[in-house]
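Novice: In my numbering, the protein residues as written are 13 to 321. From the three backbone atoms N, C-alpha and C, an ideal C-beta is built for every residue, glycine too. Have a look at the structure that comes next, please.
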C-alpha cells in the first residue's frame with residue numbers, strides 16, 4: 013500500500029457507474045459523502061446542507077444540490093452543469109468504496125457506516141418498495157453492465173443469506189444483488205488516519221446528534237454562530253427530516269411505493285431482532301471476519317462513542 017489511496021477498480025452494474033466521476037471538476041474544499049447504502053447517506057447530506065448554509069436558506073432540495081454522481085440512470089451533464097454554477101461549499105454523494113473513487117488531498121471525505129444487520133433491514137424496506145418505474149430505469153437504461161437487478165424476493169431470510177454471503181463483484185463476499193457493505197468500510201478504514209477522511213457512525217448520530225454535528229463542523233472548519241446550533245440540530249433530527257421529506261427528496265413516489273414515507277422509514281436499529289433467525293444471524297460474524305479486522309468489526313457494530321475508535 014502506497015502513501016495515498018489509489019483507484020484500483022471500476023464499479024458498474026444496474027445502479028453504479030464509477031467512471032462518471034472522471035468528469036467531475038473538483039475544487040479545493042469539496043466534500044464527498046460516501047456510504048455503501050442505507051447507513052445515513054441522506055442524513056449526512058442534510059447535516060452538511062444545514063452546516064454549509066447555517067446563516068442562509070438552503071437553495072433547493074438537498075438530494076438535488078448534492079447529487080449522486082455514480083447513479084448511472086441519471087443524466088450526468090445536467091448534474092455537472094449544476095455543480096459548476098454552485099458558489100457555495102459543494103458536497104457530493106457517493107456509494108463507492110475508496111478503491112473505486114478518485115482521491116484528492118484537497119477534498120474532504122466523510123464516510124458514514126452502520127451495523128450490517130441494520131443496513132440490511134433498511135435495504136429490505138428500500139428494495140422491497142421499488143416501483144416498476146424504478147426497476148425499469150435500473151434495468152433498461154442503456155449502458156447497464158452485468159445482469160439486471162432481480163425483483164426483491166418476499167422471503168427476508170432468503171435475501172439475507174444471499175446478501176451476507178455473496179458479492180455482486182468478484183472482489184466482494186457480501187452485498188448481492190447490490191454491492192458490498194463490508195468491503196466499502198474496509199477500503200475507508202484502512203485510510204482513516206488521513207486528515208481528510210472522517211468516519212461517522214449511525215449509532216453515534218442517534219446517540220449524540222449535536223456532538224457529531226459539531227465534530228463534522230470542526231472537521232470542515234465551519235463555525236456556525238452559537239445561537240444557531242439549536243435550530244441546526246433540530247432540523248437534522250430524524251423526525252424533522254421525515255416531516256420535511258418532500259423538500260429534501262422530491263419525486264420519491266416515482267421510485268418507491270409510499271414515496272418519502274418509505275424512504276424515511278423508521279431510522280431505528282435492531283429491526284433484525286425477531287425478523288431473522290438465530291441461524292441467519294450466525295452468518296453475520298462470519299461475514300465480518302472474512303473482510304474486516306477485529307477493530308473495524310467492533311467499530312462497525314458499536315460506533316465511535318461505544319468503542320473510542
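Tell me whether the beta-carbon of residue 83 lies closer than 9 Å to the beta-carbon of residue 135.
Specialist: Locating residue 83 in the chain shown gives position 71, where the first residue counts as 1. Locating residue 135 in the chain shown gives position 123, where the first residue counts as 1. Taking 9 Å as the Cβ cut-off, residue 83 and residue 135 do not qualify as a contacting pair.
Novice: Note down, in chain order, each residue of its chain lying with its Cβ closer than 6 Å to the Cβ of residue 53, except the 5 sequence neighbours on either side.
Specialist: Stepping through the chain shown from its first residue, residue 53 is reached at position 41. If we look at residue 53 and ignore the five residues flanking it on each side, its Cβ neighbours are 47.
Novice: Report the CB separation of residue 128 from residue 193 in whole angstroms; it is logged as a contact under 8 Å.
Specialist: For the purposes of this step, residue 128 is taken as the residue at position 116 of the chain shown. For the purposes of this step, residue 193 is taken as the residue at position 181 of the chain shown. Confirmed, Cβ separation roughly 5 Å.
Novice: Helix, strand or coil for residue 223 per DSSP?
Specialist: Counting from one through the chain shown, the residue named residue 223 turns up at place 211. Three-state result, residue 223: helix.
Novice: Please classify residue 59 as buried or exposed, where buried requires at least 16 other C-beta atoms within 10 Å of its C-beta.
Specialist: As a first step, residue 59 is located in the chain shown; it is residue number 47 there, counting from the start. Residue 59 should be labelled buried.
Novice: Note down, in chain order, each residue of its chain lying with its Cβ closer than 8 Å to the Cβ of residue 173, except the 5 sequence neighbours on either side.
Specialist: Numbered from its first residue, the chain shown carries residue 173 at position 161. Counting only Cβ-Cβ distances below 8 Å, and skipping sequence neighbours, we find 292 and 295.
Novice: What is the rounded straight-line gap between the Cα of residue 205 and the Cα of residue 94?
Specialist: As a position in the chain shown, residue 205 is number 193, starting the count at 1. As a position in the chain shown, residue 94 is number 82, starting the count at 1. Each residue's Cα considered, the two are about 33 Å apart.
Novice: Could you name the residues of the same chain whose beta carbon sits closer than 8 Å to that of residue 393, not counting the 5 residues immediately before and after it, in chain order?
Specialist: There is simply no residue 393 to check, as the chain begins at 13 and stops at 321 in what is shown.
Novice: Please determine, among 32, 92, 317 and 181, the residue with the shortest C-alpha to C-alpha distance to residue 227.
Specialist: To locate residue 227, count along the chain shown from 1; it is residue 215. The candidate whose alpha carbon is nearest that of residue 227 is 317.
Novice: By DSSP, does residue 228 sit in helix, in strand, or in coil?
Specialist: Numbered from 1 along the chain shown, position 216 holds the residue referred to as residue 228. Three-state DSSP puts residue 228 in a helix.
Novice: Alpha helix (DSSP H) containing residue 139: first to last residue?
Specialist: The residue labelled residue 139 in the question sits at position 127 within the chain shown. Unbroken alpha helix (DSSP H) run through residue 139: 128–140.
Novice: Is the region 75–90 in contact with the region 230–244, if contact means three or more CB pairs nearer than 8 Å?
Specialist: No, the region 75–90 does not touch the region 230–244.
Novice: How is residue 50 classed by DSSP in three states: helix, strand or coil?
Specialist: The count along the chain shown starts at 1 and reaches residue 50 at position 38. Residue state, collapsed to three classes: coil.
Novice: Straight-line CA distance for residue 274 to residue 15?
Specialist: Counting from one through the chain shown, the residue named residue 274 turns up at place 262. Counting from one through the chain shown, the residue named residue 15 turns up at place 3. Residue confidence is low: residue 274 scores 49 on pLDDT, short of 50, so the model does not pin down where it sits. Its coordinate-derived value is still stated next. So the two alpha carbons sit approximately 42 Å from each other.
Novice: From 249, 184 and 313, pick the residue whose C-alpha is nearest to that of residue 62; which is it?
Specialist: Residue numbering aside, residue 62 sits at position 50 when the chain shown is read from its first letter. Of 249, 184 and 313, the residue nearest in Cα terms is 249.
Novice: Nearest CA to the CA of residue 211: which residue from 113, 121, 234 and 42?
Specialist: The residue you call residue 211 lines up with position 199 of the chain shown. Closest option to residue 211, Cα to Cα, is 121.
Novice: Less than 9 Å between the C-beta atoms of residue 138 and residue 49, yes or no?
Specialist: As a first step, residue 138 must be located in the chain shown, where it is residue number 126. As a first step, residue 49 must be located in the chain shown, where it is residue number 37. Their beta carbons are under 9 Å apart, which means residue 138 touches residue 49 by this criterion.
Novice: For the alpha helix (DSSP H) that residue 169 lies in, which residues bound it at each end?
Specialist: Translated into the one-based positions of the chain shown, residue 169 becomes position 157. From DSSP, the alpha helix (DSSP H) with residue 169 extends over 168–177.
Novice: Is it buried or exposed, residue 17, if we count other Cβ atoms within 10 angstroms and call 16 or more buried?
Specialist: In the chain shown, counting from the first residue as 1, residue 17 sits at position 5. Classification of residue 17: buried, given that the 10 Å Cβ count is 16 or more.
Novice: DSSP state of residue 271, grouped into three classes?
Specialist: As a working mapping, residue 271 is identified with position 259 in the chain shown. Legend: pLDDT at residue 271 = 46, less than 50; position of this residue unreliable, value from coordinates given subsequently. It is coil, neither helix nor strand.
Novice: What is the DSSP secondary structure of residue 285, reduced to helix, strand or coil?
Specialist: Here residue 285 refers to the residue found at position 273 when the chain shown is read from its first residue. Residue state, collapsed to three classes: strand.
Novice: Is residue 214 near residue 283, with beta carbons less than 9 Å apart?
Specialist: Here residue 214 corresponds to residue number 202 of the chain shown, with the count starting at 1. Here residue 283 corresponds to residue number 271 of the chain shown, with the count starting at 1. No, the Cβ-Cβ distance between residue 214 and residue 283 is not below 9 Å.
Novice: My understanding is that residue 286 touches residue 300, with C-beta atoms under 8 Å, so please give their C-beta distance in whole angstroms.
Specialist: Mapped onto the chain shown, residue 286 falls at position 274. Mapped onto the chain shown, residue 300 falls at position 288. At roughly 21 Å, the Cβ-Cβ gap does not stay under 8 Å, so residue 286 and residue 300 are not in contact.
Novice: Classify residue 186 as buried or exposed, calling it buried when 16 or more other Cβ atoms lie within 10 Å of its own Cβ.
Specialist: Taking the first residue of the chain shown as position 1, residue 186 is located at position 174. Buried: at least 16 other Cβ atoms inside 10 Å.
Novice: Starting from the Cα of residue 115, find the closest Cα among 20, 65 and 154 and give me that residue.
Specialist: On the chain shown, residue 115 is found 103 positions in, with the first residue counted as 1. Minimum Cα distance to residue 115 is reached at 20.
Novice: Look at residue 188 and residue 201 and say whether their C-beta atoms are less than 9 Å apart.
Specialist: Taking the first residue of the chain shown as position 1, residue 188 is located at position 176. Taking the first residue of the chain shown as position 1, residue 201 is located at position 189. Cβ atoms of residue 188 and residue 201: not closer than 9 Å.
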